[in-house]
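Trainee:
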Amino acid sequence: MCCNSVCIQIFGDHHDNYVYLWERDCSVQRRHQKIIEEAPAPGLNMSVRRRLGESAVRAAKAVGYVGSGTVEFIMDRSGEFFFMEMNTRLQVEHPVTEAITGTDLVEWQFKVAEGEKLPLRQDEIQLNGHALEARVYAEDTKAGFIPIAGHLKHVSFPTFARVDTGIEEGDEVSMHYDPMIAKVGFIISFENEKKSSYEIFVIV
């Protein structure tokens with residue numbers, strides 16, 4: 001892999017306050033679709049993280065952006081990064097950011113829409129643990145993993161995990177929609193240097 005795709009979660013309010021909530025690495029893609037989201041991005045030092053975040057905030061400030069947004073960069077092996085695009089919405093992979101920052105970004109959106117200030121200042125936004133989210137697609141493994149429609153004969157989720165789902169056993173996967181049927185998230189939080197705990201979530 002010659003470069004990485006790194007996304008910065010930002011928020012702005014009506015009072016000219018802006019923050020970044022660290023980054024997500026979304027380099028593992030297929031057919032221009034993300035497969036794995038990881039937060040924080042592996043292999044980045046704190047200096048690079050802060051430069052990415054500050055660059056994303058400057059972009060949002062330049063256009064007077066309000067609400068949730070994701071600024072996407074391409075990063076090469078030397079650590080240099082280049083602006084790619086900004087998604088002006090809360091993306092579906094936002095739970096990995098919530099996991100490492102201890103925030104509820106949907107709640108933030110409501111607060112900002114009501115004219116309130118952002119709940120946290122930049123220096124109050126934590127970075128704890130690690131989160132991964134993998135997308136599950138309905139695909140034909142015998143035909144190069146092309147998207148496929150059909151009947152879901154068996155669907156099973158872990159009983160120890162959080163499950164938010166719109167599918168169940170017996171449903172049909174339609175040819176008229178995206179083949180993604182699930183997102184599986186793994187969240188690891190570190191309480192301190194000597195003790196760690198983990199929670200596994202399935203987010204569909």
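Numbered according to the UniProt record's numbering, the sequence shown spans residues 1 to 204.
The beta carbon of each residue, even a glycine, is placed where N, CA and C say it ideally should be.
DSSP three-state label for P147, please.
Mentor: As a first step, residue 147 must be located in the sequence shown, where it is residue number 147. Here P147 sits in strand by DSSP.
Trainee: Use the C-beta contact count for F83: other C-beta atoms within 10 angstroms, 16 or more gives buried, fewer gives exposed.
Mentor: Taking the first residue of the sequence shown as position 1, residue 83 is located at position 83. Exposed: under 16 other Cβ atoms inside 10 Å.
Trainee: My guess is that T101 and L21 are in contact by the Cβ rule of under 8 Å, so how many angstroms apart are they, rounded?
Mentor: Numbered from its first residue, the sequence shown carries residue 101 at position 101. Numbered from its first residue, the sequence shown carries residue 21 at position 21. 5 Å between Cβ atoms; contact.
Trainee: With distances taken between CB atoms, is the gap from E38 to L132 smaller than 7 Å?
Mentor: As a first step, residue 38 must be located in the sequence shown, where it is residue number 38. As a first step, residue 132 must be located in the sequence shown, where it is residue number 132. Result yes, Cβ atoms of E38 and L132 sit closer than 7 Å.
Trainee: Give me the Cα-Cα distance between E193 and D123, rounded to the nearest whole angstrom.
Mentor: Within the sequence shown, the letter at position 193 stands for residue 193. Within the sequence shown, the letter at position 123 stands for residue 123. Residue confidence is low: E193 scores 43 on pLDDT, short of 50, so the model does not pin down where it sits. No coordinate-derived value is stated.
Trainee: Per DSSP, residue 246 forms a beta bridge with which residues?
Mentor: Examination of residue 246 is not possible in this model, given that the chain is present from 1 through 204 alone.
Trainee: Once you ignore the five residues that flank D140 on each side, which residues in its own chain have a CB closer than 7 Å to its CB?
Mentor: What you label residue 140 is simply residue 140 of the sequence shown in a count that begins at 1. Once the five neighbours on either side are set aside, the close Cβ partners of D140 are I146 and I148.
Trainee: Could you check whether I188 and H130 sit closer than 7 Å to each other, using their CB atoms as the reference points?
Mentor: Locating residue 130 in the sequence shown gives position 130, counting from the first residue. Locating residue 188 in the sequence shown gives position 188, counting from the first residue. Cβ distance < 7 Å, so H130 and I188 count as in contact.
Trainee: From the DSSP output, read off the bridge partner residues of K34.
Mentor: The sequence position of residue 34 within the sequence shown is 34, counting from 1. Partner(s): Q29.
Trainee: Tell me the DSSP bridge mates of V19?
Mentor: Within the sequence shown, residue 19 is the residue found at index 19, counting from 1. The partner list for V19 (beta bridge, DSSP) reads F11.
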